[in-house]
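Number of protein chains: 2
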Amino acid sequence: MTRSLCASLAAVYDTAPEARVTLEGWIHRRRQLATVVFVVLRDRSGFAQVVVTEPAVREQIVGLPEETVVRVTGRLVADAKAPGGVEVVEPEFVTLGAPALPTPVELWRPTLGATLPTVLDHAALTWRHPARQAVWKIAAASLSGFRRHLDEAGFTEVATPKIVDGSTESGANVFALDYFGTTAYLAQSPQLYKQMLTGVFERVYEVGPVFRAEPHDTTRHLNQYTSLDAEFGFIDSHRDVLAVLRDTLAAMVESIRSTAAVTALGIELPEVPQHIPVIHFAEALDIAGAAPDEPDLAPEHERLLGKWALERFGSDFLAVEGYPAAKRPFYTHPQPGDPRWTNSFDLLFRGLELVTGGQRLHNHADYLAALTARGDDPDRYPAYLEAMRHGMPPHGGFAIGLERWVSRLLEVDNVRWATLFPRDTHRLRP
Amino acid sequence: MTRSLCASLAAVYDTAPEARVTLEGWIHRRRQLATVVFVVLRDRSGFAQVVVTEPAVREQIVGLPEETVVRVTGRLVADAKAPGGVEVVEPEFVTLGAPALPTPVELWRPTLGATLPTVLDHAALTWRHPARQAVWKIAAASLSGFRRHLDEAGFTEVATPKIVDGSTESGANVFALDYFGTTAYLAQSPQLYKQMLTGVFERVYEVGPVFRAEPHDTTRHLNQYTSLDAEFGFIDSHRDVLAVLRDTLAAMVESIRSTAAVTALGIELPEVPQHIPVIHFAEALDIAGAAPDEPDLAPEHERLLGKWALERFGSDFLAVEGYPAAKRPFYTHPQPGDPRWTNSFDLLFRGLELVTGGQRLHNHADYLAALTARGDDPDRYPAYLEAMRHGMPPHGGFAIGLERWVSRLLEVDNVRWATLFPRDTHRLRP
Numbered sequence: 000m001t002r003s004l005c006a007s008l009a010a011v012y013d014t015a016p017e018a019r020v021t022l023e024g025w026i027h028r029r030r031q032l033a034t035v036v037f038v039v040l041r042d043r044s045g046f047a048q049v050v051v052t053e054p055a056v057r058e059q060i061v062g063l064p065e066e067t068v069v070r071v072t073g074r075l076v077a078d079a080k081a082p083g084g085v086e087v088v089e090p091e092f093v094t095l096g097a098p099a100l101p102t103p104v105e106l107w108r109p110t111l112g113a114t115l116p117t118v119l120d121h122a123a124l125t126w127r128h129p130a131r132q133a134v135w136k137i138a139a140a141s142l143s144g145f146r147r148h149l150d151e152a153g154f155t156e157v158a159t160p161k162i163v164d165g166s167t168e169s170g171a172n173v174f175a176l177d178y179f180g181t182t183a184y185l186a187q188s189p190q191l192y193k194q195m196l197t198g199v200f201e202r203v204y205e206v207g208p209v210f211r212a213e214p215h216d217t218t219r220h221l222n223q224y225t226s227l228d229a230e231f232g233f234i235d236s237h238r239d240v241l242a243v244l245r246d247t248l249a250a251m252v253e254s255i256r257s258t259a260a261v262t263a264l265g266i267e268l269p270e271v272p273q274h275i276p277v278i279h280f281a282e283a284l285d286i287a288g289a290a291p292d293e294p295d296l297a298p299e300h301e302r303l304l305g306k307w308a309l310e311r312f313g314s315d316f317l318a319v320e321g322y323p324a325a326k327r328p329f330y331t332h333p334q335p336g337d338p339r340w341t342n343s344f345d346l347l348f349r350g351l352e353l354v355t356g357g358q359r360l361h362n363h364a365d366y367l368a369a370l371t372a373r374g375d376d377p378d379r380y381p382a383y384l385e386a387m388r389h390g391m392p393p394h395g396g397f398a399i400g401l402e403r404w405v406s407r408l409l410e411v412d413n414v415r416w417a418t419l420f421p422r423d424t425h426r427l428r429p
Numbered sequence: 000m001t002r003s004l005c006a007s008l009a010a011v012y013d014t015a016p017e018a019r020v021t022l023e024g025w026i027h028r029r030r031q032l033a034t035v036v037f038v039v040l041r042d043r044s045g046f047a048q049v050v051v052t053e054p055a056v057r058e059q060i061v062g063l064p065e066e067t068v069v070r071v072t073g074r075l076v077a078d079a080k081a082p083g084g085v086e087v088v089e090p091e092f093v094t095l096g097a098p099a100l101p102t103p104v105e106l107w108r109p110t111l112g113a114t115l116p117t118v119l120d121h122a123a124l125t126w127r128h129p130a131r132q133a134v135w136k137i138a139a140a141s142l143s144g145f146r147r148h149l150d151e152a153g154f155t156e157v158a159t160p161k162i163v164d165g166s167t168e169s170g171a172n173v174f175a176l177d178y179f180g181t182t183a184y185l186a187q188s189p190q191l192y193k194q195m196l197t198g199v200f201e202r203v204y205e206v207g208p209v210f211r212a213e214p215h216d217t218t219r220h221l222n223q224y225t226s227l228d229a230e231f232g233f234i235d236s237h238r239d240v241l242a243v244l245r246d247t248l249a250a251m252v253e254s255i256r257s258t259a260a261v262t263a264l265g266i267e268l269p270e271v272p273q274h275i276p277v278i279h280f281a282e283a284l285d286i287a288g289a290a291p292d293e294p295d296l297a298p299e300h301e302r303l304l305g306k307w308a309l310e311r312f313g314s315d316f317l318a319v320e321g322y323p324a325a326k327r328p329f330y331t332h333p334q335p336g337d338p339r340w341t342n343s344f345d346l347l348f349r350g351l352e353l354v355t356g357g358q359r360l361h362n363h364a365d366y367l368a369a370l371t372a373r374g375d376d377p378d379r380y381p382a383y384l385e386a387m388r389h390g391m392p393p394h395g396g397f398a399i400g401l402e403r404w405v406s407r408l409l410e411v412d413n414v415r416w417a418t419l420f421p422r423d424t425h426r427l428r429p
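Sequence lines, in order, name chains U and Z. According to numbering that gives the first Met the number 0, the first sequence is numbered sequentially starting from 0. According to numbering that gives the first Met the number 0, the second sequence is numbered sequentially starting from 0.
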């Protein structure tokens, strides 16, 4: 017995009309009419329609609620009204597990009629809904496009520790744990490690979980999220980082474009401009109508800037460079000629901060000065500073938040819609 | 100025002999002779030889110790004695950072003459050694081969929570942390999540960190390692899992074969047999000379079995199936007809347990019975059991430990040699 996939039935029919096929999947929907039952079967590829007329089999179907897992064997016939133009007739059903109980949310409805808390409480089931599956397919395609592009550009994938000692980039908002009698922390980012590894492999990336113990309960924050990190050497400035970021995002969009999920969700993919428009932070404050001494952009400023970039440049993306040194981490490279500003940027996507990136310091002496100026202790970073002491190239990098990226692409109102099993201040399960 | 890569110089010379080229990288080695200095430059691609004869430049080189990062511009000439058959003459050097201080371990020597603790203490530097870089390139190629194969086989990549509530698969050896006033734990594996997601996407994989608070200090254990997890539905038994594992490992080996690291390290890649030999656990005890009531295989048994498989089948791989139910987690599917045993396996690679895999239970009632029989509480797993209640296919999967895989491939005596920044009971930094 060879299994066919639902989405391939039209192709099977083209080469072997009237073939007997075997499908395996979930009973997505049963529609019982007077003399016929239509069963929609769901597998990883999509859907197939199965037409049941034989009374004994119709009787059997009554005992197989939606979501029951079955094997169906039947004959393939053409039917213009069926999805894909073919359907399965004269079916035999074999159950592959116990009949499913009725689900708390009806998964066969075109739209999942449930609030976000319900969807999250029953995530293991609600992700089965085709529209939810498509959301995650966008995320998975993004990961694949990110890696493929960087692999081709000579980057090396790395895997860094998620349990770290005190030398995190910022002491605030870290989760602490007992590590064999010592207090350790969950890594807020692979920042320090990816920089050290740039001294090894020159170009590195990592896709992995990062942990923020921020007590924020907003639509934009998660306490664990997936960070797409890249870092590389031999740059002239943060503008080189932005150029690699631009190409990476374009590759991610192309990877998404090749999925069936794009059509299923009817989403409009952004154009990534050949050159993403860049404005200086001081200019951004002015455009957003903020006071010139504001040290950061508020969400409302970002929204306004997103609108402005769309009107002015027709671009969903806007880079704001030169963020004030006071608001950037110690490793940030100053703006040459004016150290109030930095060679760093945020990339706004449709009015939301999506990526932080920039050039880093690369000389040991500059690190000592930067740490001392901030009242931080260089002894907290022995391995990191050792790397800087023994030859580091000018380098920089960026980090993309996967869930933010997907949620802005889909224009959903909460990053949790784009997270398989979100972690927030109130949610530790499922 | 266009940068050339060291490894590409021969190709550049073929199309443009005597071309002026610009290279960027680390001064890997200086050899000062009476009238000439040979500089070996290292970049992400490999090495290039630069010949310095001009006295002023020779003088400049004195101030540029090994590991200093430079830009070199010079003329390309053929020289049969140089690596790649070409070298750079009449060079100009520009430093791209401060001169490097002498490294604690000499990185230019063909062999890194340092003990494991020293290598790990200075990991950010010692990974720069070409032989160390090659080790990680094997790891990175393994990840890439794993993903490529499963992508082609219709798997969906997922990202699951690493902070979990009490419902871990086993309560023992977990790291606990304070999560906004609640005790949470670091995930020991994505097991329960990958099963739930098999109910969604049918075939899933995840590459990510897993955390084990085991107080073991052995050459085989780490407290954080990289787990290559796969799980999929519509299987007949664990033998289907083993078949997918076989093809995945073969793809990983092919991915590794395409790297320069294989040649650099002179490693012999294993043949993955078309059908990996399989023996039952009871048979394995007998072959290893263990008592027939032993509940598990000891490392010495695994070594003997590895030797036996090599002699008997010429295979570096041996699958042992049917592990006793008492030693397997609650979700393990029993062996049909004899529930003392299970539909699970360990895959031994060169005498070391590399992969654990098997078929899982998929019916809600079976889970309730299995948990109750073990004195575990079904209420600890609400979301997981909800998935099982609403239609799960027969399914199974496996998990490969990345660091073990690489360390056995390289036949090194400690898994830490294959880990970028290992975490063990004594090591929390770098």
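Using N, Cα and C, we set each Cβ at its ideal position, and we do this for glycine too. Just so you know, these numbers come straight off a predicted model, no measurement behind them.
For residue j and residue i, believed in contact at Cβ under 8 Å, the rounded distance
i, j, result
"Ala321 of chain U", "Trp307 of chain U", "The sequence given here places Gly at residue 321 of chain U; Ala does not occur at that position. Actually they do not touch by this definition, with Cβ atoms about 17 Å apart."
"Leu100 of chain Z", "His389 of chain U", "6 Å"
"Leu221 of chain Z", "Val414 of chain Z", "6 Å"
"Phe397 of chain U", "Leu244 of chain U", "5 Å"
"Ala123 of chain Z", "Ala417 of chain U", "Going by Cβ atoms, the distance from Ala123 of chain Z to Ala417 of chain U rounds to 34 Å, so no, they are not a contact pair."
"Val76 of chain U", "Val69 of chain U", "Val76 of chain U to Val69 of chain U, Cβ: 20 Å. No contact."
"Glu65 of chain U", "Arg28 of chain U", "6 Å"
Closest by C-alpha distance to residue i, when choosing among the options
i, options, result
"Ala372 of chain U", "U:Met387, U:Ile234, U:Ala324, U:Pro160", "U:Ala324"
"Ser141 of chain U", "U:Ala281, U:Ser254, U:Asp228, U:Ala130", "U:Ser254"
"Val50 of chain Z", "Z:Thr114, Z:Thr34, Z:Thr262", "Z:Thr34"
"Leu370 of chain Z", "Z:His27, Z:Gly396, Z:Asp295, Z:Pro328", "Z:Pro328"
"Glu214 of chain Z", "Z:Arg2, Z:Pro429, Z:Thr1, Z:His425", "Looking at the sequence itself, residue 214 of chain Z is Pro, so the reference to Glu does not match. Among Z:Arg2, Z:Pro429, Z:Thr1, Z:His425, the Cα nearest to that of Pro214 of chain Z belongs to Z:His425."
"Ala281 of chain U", "U:Glu270, U:Pro294, U:Val271", "U:Pro294"
"Ile60 of chain U", "U:Glu86, U:Val93, U:Arg302", "U:Val93"
"Leu353 of chain U", "U:Gln194, U:Ala79, U:Gly305", "U:Gly305"
"Asp423 of chain U", "Z:Leu115, Z:Gly265, Z:Pro160", "Z:Pro160"
"Pro189 of chain U", "U:Asp228, U:Arg219, U:Asp177, U:Gly180", "U:Asp228"
"Met195 of chain Z", "Z:Leu409, Z:Ser3, Z:Leu384, Z:Pro421", "Z:Leu384"
"Asp216 of chain U", "Z:Pro298, Z:Phe179, Z:Tyr380", "Z:Phe179"
"Thr52 of chain U", "U:Glu23, U:Val88, U:Glu65, U:Tyr12", "U:Val88"
"Val199 of chain Z", "U:Gln48, U:Pro129, U:Arg403, U:Ala81", "U:Pro129"
"Asp78 of chain U", "U:Ala9, U:Arg211, U:Pro392", "U:Ala9"
Reduced DSSP category for residue i - H, G, I as helix; E, B as strand; rest coil
i, result
"Thr197 of chain U", "helix"
"Leu296 of chain Z", "coil"
"Gly83 of chain U", "helix"
"Gln187 of chain U", "coil"
"Ala171 of chain Z", "coil"
"Gln334 of chain U", "coil"
"Phe420 of chain Z", "coil"
"Val431 of chain U", "The shown model of chain U, from 0 to 429, leaves out residue 431 of chain U, and the question about it has no answer."
"Ile137 of chain Z", "helix"
"Ser254 of chain U", "helix"
"Asp412 of chain Z", "coil"
"Glu433 of chain U", "The structure shown does not extend to residue 433 of chain U, since chain U is modelled only from 0 through 429, so no value can be given for it."
"Leu176 of chain Z", "strand"
"Phe280 of chain U", "helix"
"Val405 of chain Z", "helix"
Beta bridge counterpart(s) of residue i as assigned by DSSP
i, result
"Leu347 of chain Z", "Z:Leu317, Z:Glu352"
"Ile399 of chain Z", "Z:Leu227, Z:Val354"
"Gln273 of chain Z", "DSSP, once it has assigned bridges, lists no residue as partnering Gln273 of chain Z."
"His27 of chain Z", "None, per the DSSP bridge assignment."
"Tyr204 of chain Z", "Z:Glu156, Z:Ala229"
"Thr371 of chain Z", "According to DSSP, Thr371 of chain Z bridges with nothing at all."
"Trp340 of chain U", "U:Pro323"
**Minimum length 3: unbroken beta strand (DSSP E) runs contained in the stretch 48–122 of chain Z** = 68–77, 85–94
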